Each structure stands twice: as structure tokens, then as C-alpha cells.
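Only one structure is covered here, and it is reproduced in the block below.
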């Protein structure tokens, strides 16, 4: 049973979606990337991983146990999880050695329980938010901050899952690839905080896909090994774009931000196609969304206005659309017209209650095309893509730029927030199956 | 009416399909490419353009008339057709100036009639074979050869349609991009004749596509203007591949030929995707064919054998599959299994008469998967792609490496072959409409 004092922390961490893509490792065990990358942190109120970690001397054999979405996972030696836990213990040990009034948590066993609030069905990678939540929770449990900087923590999260290092900050985050062989300079830094450009919102279009694509871990190394174009991307394309998009973000220049974001998404998928054998992540629905976005932007610019929206695609068919708050209703209207019957998380209550009532994929006719009164540019060619079959886009998630990891609770298993019960077991088991 | 002696020639020219792709012009009026390219000439017995040209002093006002597939076309001043005709007249004039016994054909009016034996529905570009047939026919009418070399003629065909220069030779043909600003060194040369590797065959898979993609003339210049990756392709990727594939062809090394052909097709489409806005030519069916080819090659190599087949895609969704003669039945069986009900031109009578009877797109069930006895590699994963809906591949055309342009007939409107009647008008009008 647990000792009198309960050493426990529960934290949440956000998802991030890159606008300058990470693709390729120069060191696969330390997870050192072949190029810098830059991402937007999304709001934890909508998408998050929550982790509870408890340290207790009574926890032993094994000294650590881990549950992900209610399913216990083995912590493999030599594994990434192992590395992260050991590194965090080491940092705690360092503090204990300096101050012997500190309880020797580094010697205690650990119970770790983590859950995502988004089902895998959302088609979103959970490793970034998951490892960020793990590292931030252990840092809170071990009270490492401020002694240990967040960028230092990001170095450890990086070794769990590369892009996890970017989820340790809110707002706009750069992962500096670094040059050293030990990875000491491969870490995340804040480019701009959430508040700097809080009007930036995101609409995630979850695209139905028959078969699972190439896993990114395997795919990116195949690209490194076989794509002649990737080397040019690494040497020439990305360094220039990192500078340019950082400036665009600092200037809140959506037009430039959109231009670079779309170009880099296409550049990344071009290197996947240039891989042997080629890797395909975007499908015909992904491409139709690209064509829709390009057309509404073209019409808007032709009307002397700026771009309306930007697309970006990770290692899958889903589109993440970034747009300033004032454009999202139009973008949503366009997506719902051309891609009927998507389940829609109307988190910002954009739809009239009437529409709201029927927005959960019920088999209603396609929503009407937005009108010019609703902001559709006059020159928009409505025949740019056909109205797709119901469910071609399965689900829409509307969110916005968000903050970094949050401490939700300390201590007591009595609190509502913690995921572990008094015995140090998950309050909810098998949740993943029910999701 | 026509003068006593009839000056007329009728010639045919082949289609060519590039294995190192031409994409981008350094001079759009002279049609000078940004990189070298290399193609395989396909057999005129299956796919060809036929042109009849007649010169007669009675032809005037206008001095030239032109019919394409039975439809009269205006010859625009400053147009590409205009350039080609003027250049050919100039060459004839040169001979007449040297030898005044020659009739002054360069001063006569012209009637030109051209037809393709493949409907546009085949989804094959006809400009290459069309301009090659035009140039070769005028060269025959004007009796320019041997005084004028075929490579010289290819320089003129190039100004009609870039890839047309490659259709002036049979077998394996390189278009040397050249460096001069006047284009004098931008011409086609034979890498190896048809007889050198006559076992190489092609299966063209015509893929249904909802909407027409970006026209290549506009698309390639958008890529030149916006794709950072294209510059790397031009400077680094293509020059090395031109050398390598020429060696592979000389050595009849299908494995290497296939490897480079597939890599360059993917590299070309990668630069299209890297264009802003991105250009998409391949669709989900195109990609499924890629995955099928990669899987059967993987399984064959795993079994210690070489590659079975290679794919290449031009500016559209159609796949052109190259394979040694002995592999084509297997490839055909695979395509017909996963893509049922394609119309099939069984030019080599590969199918049993029974299958033959029902091969014209009748709605029969998918053909069975080829067996290991039929050459399917043991390790082949039959779940690599799903069996597609009937007609996803609309049509299959089986052909082989072929020879260069042919002179079919001279003189007399009485001959069966010529396309013009005694009055110098097309024997068949509006054929394109009936095709």
C-alpha cells in the first residue's frame, strides 16, 4: 500500500501539427532529425494526452508499471519509454544529491497511467502529446523545474518521439535539429507564444482511407536512403523556410504563413513520392481538399484580398487546415458542402442550433455552397471539385492555437483528476477498447 | 486541278513514351528543354500517326491547308505548325538553289492531311507522333534525305512539339537538351535501335479519370517557376540517370532499366507535387498500379529473380508498363485480376480464344489471380491492393518497342494509302468525331 505522503502529479499535454515538416533522422536511436521543423501547438481543451505518475517506495517488481488508454504496456529495456524514465530519474537524482532534505523519489517505484481524449479513429498521432505529457508529468512529480529548463525536458521527450519535443511549448514552436552527435543541441524552443497569434484556428479533416500507409518511422528512413530530392530539401529548402515562416509568424502575416505551410507540405510529400518504393500518404480526397483550398485562395487573391486558408498533411490522408478565426465559417461551409456528412465537433458553436441538431453524420443532403454574403469570393469556381460521397471526410475537428503542458493536480488519489486509484492502478481500464 | 505529275508522300510515325522525363522549357518559343530526356519508341503497327502531304502549283489562297483527323485546322502565323512548315520549305529551297533541275516544290502550295489510328479516348498524347509524321512526310515529299540528317529533322519536329523530336527514331532515343540559345544542339539521337532489344514490350493501362489535369505546356512552366526541387532534378538527378539508363539499355539490363524508369517517373511527379499550386496527374488507381508493380517486383527479387515489370506515368493517370516479352502474360494477368473489365487490344493473342471472346469489357467477374505455375512469385502478397471496381482501368493496349517513321507511299492519289483524294481534299472527313 501507498506510504502516508502521496507523491503524484497529473498533467496534460497538447497535440502539435508541423508547418515545416520533420522527415528523416540522422540518428535513429537518439532521434536526431535531418532538418529543423516548426509546429503550431493545438488547444488542449480539445485534443490532449493526460498522464498521472505516482512514485512510492512500496511500488516494486517491476519498479515501474505503465498503462496507456487503460491497457498495460511492457516497458522494454533499450526502449524509448525506458530511456525517458531513466533520464528523468537521473535529473531527480541530481537534485537529491544537491539537497538531502528532498525525499529520494528517484529510488521509488513508479506507476504511470496515460490517456488521450481523442480516439485513434481521429487519425491523429498521439505519440507527441503522449510523450510530452509523460515527461512533463514526471518533471512535475520530481519537481525538476525551474532547475531544469523546458527546453532541456524537450530533449528528453525527443528521445521518446521526435515531434514530442515540440509539444512541451504552447504557441509556435521550433525543433532545432542541432549538429552534435550526442543530441545535446537538438531541442524545442518557443518561436512565439499562443497569445501572440491566438486568432489562428485549425480545422482537422479526418479522411477515410482504405489501407494504413507506411509507418512514418520506417518511411522516413527509406526516404533518407533513396530520395535524391530529400537531400536538397534538407540542405536548401528547409533552412530558408524556417527563417521565412518564423518572420511570418512574428508579423502575424497569414498570407506568407499559408504560402510557406502549403509549399512545405507539398515538398515533404514530394520527397515521399521520390522514395523507392514510393510512399503515398495523400489520396484523391486529400488532393481534392488541396484543390478546393487553392481555388478559394486564388479567387480571394484575384479579388485583391489575401489567402483564406492553408492546408498541411502529415504522414496520412488527413488535412489540417489553418485559418484566421474570421475565415473559419467560410472554410467549414466549403468543406461541409463538398464533403457531406462528416461528424463535426462544433466546439465553437459556429452552426445554427438547427444545423447543430443534425450535424452528427446523419444522412442529410450536402450543406449549400456558402454565399458571397458569407464571404465566398466572387470569382470562386464551384466546379473545381465534385461534391463527394457522404463520409469521404469522416470527421471534422475545430480547434485553435493552444498553450503548453498543464499541471492539473498534485498528490492525493482522492482528487477527481488523477488517473490512478488508491492502489496505484488505473481508475479506468481498457478505455481504448471503448473509445 | 492538280498538275500532271503528282508530288505527294504518305508516311507514318510512332508514339514514344519517355523513361527519363522531359518537364520544363528553358525557351518556350524554340521549345528548348531544361533537361535531357530518353524514350522508347512504340510499334507503329499498333499506335501511329499517318500523314499525307501533297505539293501542287495549283494549290493557293491559302497556300497551305491542313486537316487533322478529318477536321480542317487553321495554320496560325507565329504558330508551331507554321514554324515547322516554313523550316521544311527552307530546306527544300536550299536543295533547289543547288540543283536547278529540281522542281520548285518550295514554291508550290501544300495540302496536308493527318490521322491517328488511336482515339483520343486512349489518353495518349498524339502531338509527338503527329508532328514527327508531319516532318518526316514533308522531308519525303521534298526529298531532303540523305542531304538532311534525321537529327536535323528532329530539331524541326522539336519546335512543333518537344517530344516529337524523339519520334523520328525507332528503338531507344535520347533528346539532347543542348546548351545553345538558338537550339541548334537540341535534338534527338538514337541510343540503340529497335533490333537491339526487341523483346521489350509495353502494356498501356488507360485509367479512367473524372477531370482533365493541368495541360503539360502550362504545368511544366509553373513547375519551372515555383518548384525548388526541379532545379535539383535538372542539375543532379537527370544527368546521372541519362548515363545510367543508356548503359542499362546497351546491356539489355532490364533490372537496372526498370529501377531507373520507375525512379524517374516518381521523381518527375514529385516535382509536379512540389509545384505551387501543386499539380496532380496520378490518381488513386495510378497509385494502386504502382503498388502492385512494386509488390510483384519485391516478391520476385526476394525469390532471387529480377524485376518483372516497370511503370512510368506521363502527364496523366495512365500507366505505361514496360516488361520483357516473357513477363507480359503475368503482368497482364495481374492487371486483369485487380482491374476487371478493361477493354483489351489483344494484339499478341495472349489470351485463350475463350477469354478472347469475352475480353471486350463485358461485365464478367475479375480474371483469377495468376498462379505460381504462371510465374507469380511465391512470396507475392495478394492483399497488396484491393480488386478494383469494373472499368477503373478502362482499356489495355499491348505493344512493343518499334521502328522509326516509315514512308508508306509516294505520288498518285490513286494509291490506297494516301489520305488525300484527287482534288487534294481528305478522303475521310470528321473522322475524329466518329472515332
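Chains as they are written, first to last, in the numbering used here: chain A, 1 to 435; chain B, 1 to 435.
Cβ coordinates follow ideal geometry from the N, Cα and C atoms, glycine included.
Computed from a predicted structure; not experimentally measured.
- Per DSSP, reduced to three states, the secondary structure at residue 344 of chain B is strand.
- Of the residues A/208, A/331, A/406, A/320, the one whose Cα lies closest to the Cα of residue 374 of chain A is A/331.
- Pairwise C-beta distances place the region 191-205 of chain A in contact with the region 329-343 of chain A, as three or more of them are shorter than 8 Å.
- For residue 11 of chain A, no alpha helix (DSSP H) encloses it; the enclosing beta strand (DSSP E) starts and ends at 7-14.
- Of the residues A/237, A/249, A/254, A/243, the one whose Cα lies closest to the Cα of residue 267 of chain A is A/237.
- Residues 270, 271, 274 of the same chain have their beta carbon placed closer than 7 Å to that of residue 229 of chain A, with the five preceding and five following residues left out of the count.
- Nearest CB-CB separation between residue 292 of chain A and chain B: not below the 8 Å threshold.
- Collapsing the DSSP output to three states places residue 52 of chain A in a strand.
- For residue 173 of chain B, the closest C-alpha among the options B/184, B/320, B/37 is that of B/37.
- Distance check between residue 278 of chain B and each of B/324, B/291, B/216, B/323 places B/216 closest, using alpha-carbon atoms only.
- One thing to note: residue 32 of chain B has its Cβ within 8 Å of the Cβ of residue 183 of chain B.
- Membership of residue 130 of chain A in the alpha helix (DSSP H) is indicated by the continuous run 127-141.
- Taking 8 Å as the upper bound on Cβ-Cβ separation, chain B lies near no residue of the region 85-107 of chain A.
- Here the C-alpha atom of residue 72 of chain A lies approximately 7 Å from the C-alpha atom of residue 65 of chain A.
- Closer than 8 Å to the CB of residue 318 of chain A there is not a single CB belonging to chain B.
- When C-alpha distances from residue 54 of chain A are compared across A/143, A/199, A/233, A/18, the shortest belongs to A/143.
- Against chain B, the beta carbon of residue 301 of chain A has no neighbour under 8 Å; the closest one sits roughly 12 Å away.
- Between residue 319 of chain A and residue 276 of chain A a beta carbon distance of about 26 Å is seen, past the 8 Å cut, so the two are scored as non-contacting.
- At a Cβ-Cβ threshold of 8 Å, residue 50 of chain A and residue 133 of chain A count as neighbours.
- Under the Cβ criterion of 8 Å, residue 196 of chain B is not counted among the residues facing chain A.
- Runs of the beta strand (DSSP E) lying entirely within the region 263-313 of chain A and spanning at least 3 residues, in chain order: 310-312.
- Taking 4 residues as the shortest admissible run, the region 193-226 of chain A contains the following complete alpha helix (DSSP H) segments, listed from N- to C-terminal end: 216-226.
- If the five residues before and after residue 335 of chain B are omitted, its C-beta is found closer than 8 Å to the C-beta atoms of 203, 205, 289, 292, 321, 342, 393, 396, all from its own chain and listed in chain order.
- Boundaries of the beta strand (DSSP E) around residue 397 of chain A: 393-400.
- In the three-state reduction of the DSSP assignment, residue 426 of chain A falls in the strand class, which pools E and B.
- Residues of the region 233-244 of chain B with a C-beta less than 8 Å from any C-beta of chain A: 233, 236, 237, listed in chain order.
- The Cβ atoms of residue 408 of chain A and residue 113 of chain A do not sit closer than 8 Å to each other.
- Annotation: Cβ neighbours of residue 271 of chain B in chain A (cutoff 9 Å, chain order): 229, 270, 274.
- The C-beta of residue 266 of chain B comes closer than 8 Å to at least one C-beta of chain A.
- Residue 250 of chain A and residue 171 of chain A have their alpha carbons spaced roughly 11 Å apart.
- Contacts between residue 209 of chain B and chain A, judged by CB atoms closer than 8 Å, are missing: the closest CB pair is about 10 Å apart.
- Spatial neighbours of residue 136 of chain A in its own chain (CB-CB distance under 6 Å, excluding positions within 5 residues in sequence) are listed in chain order as 11, 13, 405.
- In the structure shown, the three-state DSSP call for residue 234 of chain A is helix.
- Per DSSP, the beta-bridge partners of residue 73 of chain A are A/66.
- Around the Cβ of residue 417 of chain B, a 10 Å sphere holds fewer than 16 other Cβ atoms; the residue is exposed.
- By the Cβ-count criterion, residue 21 of chain B is buried, with 16 or more other Cβ atoms from all chains shown falling within 10 Å of its own Cβ.
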